[in-house]
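Worksheet: one structure, shown below.
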Amino acid sequence: MSDDVYFYDPDEGHGLAHDPFKAIVAPRLIGWISSLDGKGRPNLAPYSFFGAFASKPAVIGFCSEGYKDSIRNIEETGEFAWNLPSHVLAERMNRSSASVPPDVDEFALAGLTAAPGRNVSAPHVAEAPAALECKLTQIVRLTDRDGGVMGNWLALGQVVGVHIRREFLRDGRFDTRAAQPVMRAGYRGDYARIGEMFEMLRPA
């Protein structure tokens with residue numbers, strides 16, 4: 003083993019002050035998910051594990067550690083929206099992460115506007131630079147390598163509507179730098195935002 007590399011087997015523990023996994027797989031876009039429950043009550047919550055999985059058609063997904071309101075709502079209605087949390091919305095996004103009863107409206111709690119969906123019933127954050135309306139394709143409960151059931155639920159949805167605030171469109175392109183997405187960057191309170199960007203095209 004090289005002295006230049008620290009190696010550990012996760013089954014035996016990392017041996018560090020804090021588990022580095024979430025800091026290594028970082029930064030990650032935040033899955034800021036809005037939904038309605040079966041009674042029509044809104045829910046808004048950020049999730050650390052989020053990503054895009056396909057483009058034609060567009061499919062996005064987030065994973066919940068624990069069976070939380072978002073997963074239950076999406077199972078009941080088959081719909082959700084993802085909202086891009088910008089740097090200026092970071093504090094309000096964080097407020098929406100509070101553990102509150104299902105009848106508490108996180109939009110109101112965080113001082114955000116719930117804009118109505120166009121192709122789904124789920125509302126989205128009006129102040130977000132962009133939002134994606136989604137129809138559920140599947141919810142998968144994760145298993146470990148031995149087939150053991152985990153307490154994690156992955157929800158995947160096909161994008162059926164896209165909202166972009168016009169101030170973030172430049173020459174027909176979404177201006178990611180101007181939107182300044184907030185991203186998770188590791189430990190308890192670590193976040194990141196976009197710094198330098200560069201272009202590198204795939205070889206022909």
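Here this note's numbering = 1-based position in the sequence shown + 2.
Where a beta carbon is used, it is the ideal one built from N, C-alpha and C, also for glycine.
Exposure label - residue i; buried when at least 16 CB within 10 Å
i: residue 26; result: exposed
i: residue 95; result: buried
i: residue 126; result: buried
i: residue 134; result: buried
Residue nearest to residue i in terms of C-alpha spacing, selected from the options
i: residue 1; options: 186, 206, 93 and 142; result: Limits of the chain in this structure are 3 at one end and 206 at the other, which puts residue 1 out of reach.
i: residue 130; options: 166, 202 and 198; result: 166
Any non-hydrogen atom of the ligand GDP closer than 7 Å to residue i Cβ
i: residue 77; result: The model depicted lacks the ligand GDP and carries no ligand whatsoever.
Backbone secondary structure at residue i - three-state DSSP
i: residue 161; result: strand
i: residue 7; result: coil
i: residue 135; result: strand
i: residue 121; result: coil
i: residue 129; result: coil
i: residue 91; result: helix
i: residue 200; result: coil
i: residue 66; result: strand
Cut-off 7 Å between Cβ atoms - residues of its own chain near residue i, not counting five sequence neighbours on either side
i: residue 169; result: none
i: residue 97; result: 111 and 112
i: residue 162; result: 121, 122, 135, 136 and 137
6 Å Cβ shell around residue i - same chain, five flanking residues per side excluded
i: residue 181; result: 88, 131 and 170
Distance CB(residue i)-CB(residue j) smaller than 8 Å
i: residue 39; j: residue 85; result: no
i: residue 158; j: residue 139; result: yes
Spatial neighbours of residue i in its chain, beta-carbon cut-off 8 Å, leaving aside the 5 residues before and after
i: residue 92; result: 184 and 193
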